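Peer 1: Structure provided below as structure tokens; questions to follow.
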């Protein structure tokens, strides 16, 4: 089969695919092309650095915590000091240690839940869009029902009903947030299933699942990546909101549980800023990093959104002036 040049809005990146190549090779080519395009954007670079920093803290931070995050002491409600960098809680827990451990909980569970939402959306969207018929009708009905349900109120009800814990919150978020991305992927798959390379693969005797995940899916990776980033932003904020409402496991340190216990102790009214500002700032900074990545992906997908750098603008002006001078001369 000949090389198929892909340059669709869904991929956001022109990639030359060899449908006869092994699947892992094709995925690698697509991901490398996306990475080159993304690293050319300052927004993506800055956002990736922010997210990477939090991931690094989550990986190695707990090994360098000065105290056990759940250990109590006689130092109640002390402000930041050389001994306790971010002060202590009403029962003497070290807030800095809780923040570091909470970074691992919030970031890894947030990214993991975002991956699960994306995987479910990919399966539903691609299978429904490719097969059509009654399969598509059933999946579309489920998608539409999920879309009309209010996500956050439903998540609050479900999280309050089931046993509290990270797994429950993850399940609730996946259940209430997969539909919109599945609908987008279904629409893109409907337009791609009639392409020549898909028809050629079908005529060559390839199975339907192989066509879906070997031929169509690699051309939608750009769309999947953008959806994953948007989903993860929502997951992090929803996770913190549910834990702030007391629907998480308060014994497991996380950014949301820190805010919950600070609210329970009246930290805002009592001026205990070192208790609620650090976790709130971490949530805001991580959300900003993910948003920068999302904006950068939008710029890559739509060149009209790109902002010219001052140096490039000046070079363009000089070139125009030089061209006019040559014409007048």
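Residue numbers (our numbering): 286 to 614. Cβ coordinates follow ideal geometry from the N, Cα and C atoms, glycine included. Just so it is clear, the structure is predicted and the values come from calculations on it, not from any experiment.
The alpha helix (DSSP H) that contains residue 462, what's its start and end?
Peer 2: Walking along the chain shown from the start, residue 462 turns up at place 177. 451 to 462 is the span of the alpha helix (DSSP H), which, as asked, contains residue 462.
Peer 1: How should residue 359 be labelled, buried or exposed, when 16 other C-beta atoms within 10 angstroms of its C-beta is the threshold for buried?
Peer 2: Position 74 of the chain shown, counting from 1, holds the residue named residue 359. Residue 359 is exposed by the Cβ-count criterion.
Peer 1: Taking the CB atoms as reference points, tell me whether residue 473 and residue 505 lie closer together than 8 Å.
Peer 2: Here residue 473 refers to the residue found at position 188 of the chain shown. Here residue 505 refers to the residue found at position 220 of the chain shown. Against a cut-off of 8 Å, the Cβ pair of residue 505 and residue 473 comes out as a contact.
Peer 1: How long is the line joining the alpha carbons of residue 428 and residue 454, rounded to whole angstroms?
Peer 2: Reading the chain shown from its first residue, position 143 is the one you call residue 428. Reading the chain shown from its first residue, position 169 is the one you call residue 454. Near 21 Å, if we compare the C-alpha coordinates of residue 454 and residue 428.
Peer 1: May I have a chain-ordered list of the beta strand (DSSP E) segments no shorter than 3 residues that lie completely inside the stretch 457 to 515?
Peer 2: Runs found: none.
Peer 1: Taking the straight line between their C-alpha atoms, what separation do you get for residue 419 and residue 502?
Peer 2: Within the chain shown, numbered from 1, the residue matching residue 419 stands at position 134. Within the chain shown, numbered from 1, the residue matching residue 502 stands at position 217. Distance between the alpha carbons of residue 419 and residue 502: 22 Å.
Peer 1: Determine whether the beta carbon atoms of residue 524 and residue 397 lie at a separation below 8 Å.
Peer 2: On the chain shown, residue 524 is found 239 positions in, with the first residue counted as 1. On the chain shown, residue 397 is found 112 positions in, with the first residue counted as 1. No, Cβ-Cβ distance for residue 524 and residue 397 is not below 8 Å.
Peer 1: Might you give, ordered along the chain, the residues of its own chain that have their beta carbon closer than 7 Å to the beta carbon of residue 326, omitting 5 neighbours on each side?
Peer 2: Along the chain shown, one-based indexing puts residue 326 at 41. Contacts found: 581, 584, 585.
Peer 1: Measure the Cβ-Cβ separation of residue 380 and residue 558 and say whether it is below 8 Å.
Peer 2: For the purposes of this step, residue 380 is taken as residue 95 along the chain shown, with counting starting at 1. For the purposes of this step, residue 558 is taken as residue 273 along the chain shown, with counting starting at 1. Cβ atoms of residue 380 and residue 558: not closer than 8 Å.
Peer 1: Who are the Cβ neighbours of residue 577 in its own chain at under 8 Å, not counting the five residues just before and after it?
Peer 2: As a working note, residue 577 is residue 292 in the chain shown. If we look at residue 577 and ignore the five residues flanking it on each side, its Cβ neighbours are 328, 329, 331, 332, 335.
Peer 1: Taking contact to mean at least 3 C-beta pairs separated by less than 8 Å, is the stretch 460 to 471 in contact with the stretch 402 to 409?
Peer 2: Short answer: they touch.
Peer 1: Have a look at residue 363 and residue 372 and give me their C-alpha separation to the nearest angstrom.
Peer 2: Your numbering for residue 363 matches position 78 in the chain shown. Your numbering for residue 372 matches position 87 in the chain shown. So the two alpha carbons sit approximately 5 Å from each other.
Peer 1: According to DSSP, residue 373 sits in a beta bridge with which residue or residues?
Peer 2: One-based indexing of the chain shown puts residue 373 at position 88. Its beta-bridge partners are 379.
Peer 1: Can you name, in chain order, every residue of its own chain whose Cβ lies under 7 Å from the Cβ of residue 445, other than the five neighbours on each side?
Peer 2: Position 160 of the chain shown holds residue 445. The residues are 532.
Peer 1: Where does the unbroken alpha helix (DSSP H) through residue 342 begin, and where does it stop?
Peer 2: Looking up residue 342 in the chain shown gives position 57. Looking at the DSSP string, the run of the alpha helix (DSSP H) that includes residue 342 is 327 to 345.
Peer 1: Would you please state the rounded distance, in angstroms, between the beta carbons of residue 467 and residue 514? I believe it to be under 8 Å.
Peer 2: Mapped onto the chain shown, residue 467 falls at position 182. Mapped onto the chain shown, residue 514 falls at position 229. Residue 467 to residue 514, Cβ: 16 Å. No contact.
Peer 1: State buried or exposed for residue 378, treating a residue as buried only when at least 16 other CB atoms are found within 10 Å of its CB.
Peer 2: Working through the chain shown from its first residue, we reach residue 378 at position 93. When all chains shown are included, residue 378 counts as buried.
Peer 1: Does DSSP classify residue 615 as helix, strand or coil?
Peer 2: Since the displayed the chain opens at 286 and closes at 614, residue 615 lies outside it and no answer follows.
Peer 1: How would you label residue 382, buried or exposed, when you count the other beta carbons within 10 angstroms and need 16 or more for buried?
Peer 2: Mapped onto the chain shown, residue 382 falls at position 97. When all chains shown are included, residue 382 counts as buried.
Peer 1: Among 450, 482, 457, which has the Cα closest to the Cα of residue 441?
Peer 2: For the purposes of this step, residue 441 is identified with residue 156 of the chain shown, where counting begins at 1. Selected option, being the one with the closest Cα: 457.
Peer 1: Whole angstroms is fine: what's the gap from residue 547's alpha carbon to residue 432's?
Peer 2: Position 262 of the chain shown holds residue 547. Position 147 of the chain shown holds residue 432. When rounded, the distance between both Cα atoms is 34 Å.
Peer 1: Helix or strand or just coil, what does DSSP make of residue 362?
Peer 2: In the chain shown, counting from the first residue as 1, residue 362 sits at position 77. Residue 362 falls in the coil class under three-state DSSP.
Peer 1: Return the chain-ordered list of same chain residues with a C-beta closer than 6 Å to the C-beta of residue 415, the five sequence neighbours on each side being excluded.
Peer 2: Taking the first residue of the chain shown as position 1, residue 415 is located at position 130. Around residue 415: 474, 478, 497.
Peer 1: How many whole angstroms separate the CB atoms of residue 550 and residue 375, which I take to be in contact at a CB cut-off of 8 Å?
Peer 2: Within the chain shown, residue 550 is the residue found at index 265, counting from 1. Within the chain shown, residue 375 is the residue found at index 90, counting from 1. So it is a contact: roughly 5 Å between Cβ atoms.
Peer 1: Let's see if you can read the secondary structure: which residues bound the alpha helix (DSSP H) around residue 542?
Peer 2: For this step, residue 542 is matched to residue 257 along the chain shown. Here the alpha helix (DSSP H) through residue 542 covers 540 to 549.
Peer 1: Do you know how far the Cα of residue 350 is from the Cα of residue 367?
Peer 2: As a working mapping, residue 367 is identified with position 82 in the chain shown. As a working mapping, residue 350 is identified with position 65 in the chain shown. Residue 367 and residue 350: Cα-Cα distance of roughly 14 Å.
Peer 1: Rounded to whole angstroms, what's the CA-CA distance from residue 434 to residue 425? Just pull it up for me.
Peer 2: Start at 1 with the first residue of the chain shown, and residue 434 comes out as number 149. Start at 1 with the first residue of the chain shown, and residue 425 comes out as number 140. Whole-angstrom Cα-Cα distance: 14 Å.
Peer 1: I'd like to know if the stretch 569 to 576 and the stretch 507 to 521 are in contact, where contact means that at least 3 CB-CB pairs between them fall below 8 Å.
Peer 2: Judged by Cβ distances under 8 Å, the stretch 569 to 576 makes contact with the stretch 507 to 521, as three or more pairs qualify.
Peer 1: Kindly indicate which three-state DSSP category residue 295 falls into: helix, strand or coil?
Peer 2: As a working mapping, residue 295 is identified with position 10 in the chain shown. Residue confidence for residue 295 is low, a pLDDT of 41 falling below 50, so the modelled location carries little weight and cannot support an answer.
Peer 1: Measuring only the C-alpha atoms, how far is residue 290 from residue 392?
Peer 2: Locating residue 290 in the chain shown gives position 5, counting from the first residue. Locating residue 392 in the chain shown gives position 107, counting from the first residue. At residue 290, the pLDDT of 41 sits below 50, so the modelled position is not reliable; the number obtained from the coordinates is stated separately. For residue 290 and residue 392, the distance between alpha carbons rounds to 37 Å.
Peer 1: If we ignore side chains and look at the alpha-carbon of each, how far apart do residue 401 and residue 542 end up?
Peer 2: The count along the chain shown starts at 1 and reaches residue 401 at position 116. The count along the chain shown starts at 1 and reaches residue 542 at position 257. For residue 401 and residue 542, the distance between alpha carbons rounds to 23 Å.
Peer 1: Using only CA atoms, which one of 556, 579, 534 lies nearest to residue 264?
Peer 2: Because the chain spans 286 through 614 in this model, residue 264 falls outside it and cannot be assessed.
Peer 1: Would you mind reading off the limits of the alpha helix (DSSP H) that contains residue 438?
Peer 2: For the purposes of this step, residue 438 is taken as residue 153 along the chain shown, with counting starting at 1. Residue 438 -> alpha helix (DSSP H) spans 436 to 446.
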